[in-house]
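Note sheet for the following structure.
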Amino acid sequence: MQDRTLDESVVLPEIRGEMVKLRAASWEDFSTMDRIHAFSSSLTLVGKSEEAERAIVRSWIQRSLRWQKGVRTQEEGLQDAEARGVMAWSLFANDSQDADGDELIGMAFLVDIDAWAQSARIQVILGQDYRGRGYTRDVMPRVMTYGFAPRPAGLGLHRIWISTSSSNMRGHAVYKSLGFIESGTSRDALWDDSEAHYMDLHVFDMLVDEFDPIQSLATFGLHTIMDNPGVREALAQHERTQNIKKKNHEEQAVQLPPISGQRQTISGDDMVNKDEELPWWRKLGANRKRD
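The numbering of the sequence shown is the numbering used here, which starts it at 10 and goes up by one.
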């Protein structure tokens, strides 16, 4: 029977991209998020004020650190099917100009990790000067590869989703380009205090059998890094899924009835006793001799 509970503790793996590298987030990294203005325009991007978004990120980092230490077991009950996990990574640019090579550009999260439903929400938060430069397209597929990879190499998720406000049209385009499908809209779910009006919340998601670990990166000229956690397992899983889809498609093609209007070629052997299968009105006059 498949295990549908969260592990008592977790080790966040390091993940490498072509533009960024990811490692477990720390409190020191959180203090840098303000300096790079990571919470600016949060009302437009996610429908929350800067203060609210900062508080949420702080909570996510805290929960991620506690899970890594195994503290959640006693306090939150990981064996509870309703328990949710959080994993927080810090993002560092590979082309950093810093002397130590650690230029924090933002953070990536898997939140609401639901082991029972095998689902999680993904979110990437970038500093103001790092938006629109392709970092999200490099980060998301690599985190999703780890999320979708079977356990223990990955999290064994079945679904990964993301939500954003109706005003974040750039985000909508990015998520669709990554292969996400817009699956629903929560009407008037967000409040824009600056404009004093409600906004819709749009939900995008992807299922494991829809995710292609290679194509999700190749679309943007990026490449799969085989040493990243869960990559080989995710690729093998994708190949099995494609083989199953191909087999099902071939079986359906064989079983399809002939298209109306197409002439069928029937051999003499096939005609033997076939009149017994004909409707009665087709048999009238069948044995009548014609002069």
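Glycine included, each C-beta is placed from N, C-alpha and C at the ideal position.
Requested in this report: Taking the CB atoms as reference points, tell me whether residue 26 and residue 202 lie closer together than 7 angstroms.
Outcome: For residue 26 and residue 202, no; Cβs fall outside 7 angstroms.
Query raised in the report: So is residue 232 buried or exposed if we call it buried at 16+ other beta carbons inside 10 Å?
Result: exposed
Report task. Using 10 angstroms around the beta-carbon of residue 44, count the other beta-carbons present and answer buried if the total reaches 16, otherwise exposed. Result -> exposed
Query raised in the report: Whose C-alpha, out of 28, 33, 29, is nearest the C-alpha of residue 19?
Result: Checked all of 28, 33, 29; the closest Cα to residue 19 is 33.
Requested in this report: Go to residue 232, then tell me how far its alpha helix (DSSP H) extends in each direction, as first and last residue.
Outcome: Careful: residue 232 lies outside any alpha helix (DSSP H) and carries neither H nor E.
Query raised in the report: Do you know whose CA, among 145, 174, 118, lies nearest residue 193's CA?
Result: 174
Requested in this report: Can you grab the Cα-Cα spacing for the pair residue 189 / residue 214, in whole Å?
Outcome: In a straight line, the C-alpha of residue 189 is about 5 angstroms away from that of residue 214.
Requested in this report: Taking 8 angstroms as the threshold, find out whether the segment 168-188 comes into contact with the segment 55-75 through three or more Cβ pairs.
Outcome: yes
Query raised in the report: How is residue 70 classed by DSSP in three states: helix, strand or coil?
Result: helix
Report task. Starting from the Cα of residue 98, find the closest Cα among 226, 78, 119 and give me that residue. Result -> 119
Report task. Can you check the segment 85-171 for any alpha helix (DSSP H) of at least 4 residues that lies completely inside it and give the ranges in chain order? Result -> 144-157
Query - Opening and closing residue of the alpha helix (DSSP H) in which residue 260 lies - result: Residue 260 -> alpha helix (DSSP H) spans 240-264.
Query raised in the report: In this structure, does DSSP put residue 212 in helix, strand or coil?
Result: strand
Query raised in the report: Run through DSSP, which three-state label would residue 20 get?
Result: Coil, per DSSP.
Requested in this report: Measure the C-alpha to C-alpha separation of residue 59 and residue 262 and round it to an integer number of angstroms.
Outcome: 54 angstroms
Query - Which listed residue (135, 217, 247, 125) has its alpha carbon closest to that of residue 117 - result: 135
Report task. Please state whether DSSP places residue 185 in a helix, a strand or coil. Result -> helix
Query raised in the report: With respect to the alpha helix (DSSP H) encompassing residue 40, which residues constitute its N-terminal and C-terminal limits?
Result: 36-44
Query - Beta-bridge pairing of residue 201 - partner residues as DSSP gives them - result: 206
Query raised in the report: Using DSSP with H/G/I as helix, E/B as strand and the rest coil, what is residue 79?
Result: coil
Report task. Just grab the DSSP bridge partners of residue 180 for me. Result -> Partner(s): none; residue 180 has no beta bridge.
Report task. Please name the residue or residues paired with residue 2 in a DSSP beta bridge. Result -> Because the chain here runs from 10 to 300, residue 2 falls outside it and cannot be looked at.
Query raised in the report: Thinking C-alpha only, which one of 162, 166, 145, 140 is nearest residue 125?
Result: 166
Query - Cβ pair residue 41, residue 113 closer than 7 angstroms - result: yes
**Report entry** Euclidean distance between Cα positions of residue 260 and residue 250
**Finding:** 15 angstroms
Requested in this report: Please confirm whether residue 129 and residue 70 have their CB atoms less than 7 angstroms apart.
Outcome: no
Query raised in the report: For residue 13, which three-state DSSP category applies?
Result: coil
Requested in this report: Return the Cβ separation of residue 152 and residue 24 in integer angstroms, given the expectation that the two are a contact with Cβ distance under 8 angstroms.
Outcome: 7 angstroms
Report task. Return helix, strand or coil for residue 302, following the three-state DSSP convention. Result -> The structure shown does not extend to residue 302, since the chain spans only 10 to 300, so no value can be given for it.
Query raised in the report: Are residue 94 and residue 155 touching if we call contact CB-CB under 7 angstroms?
Result: no
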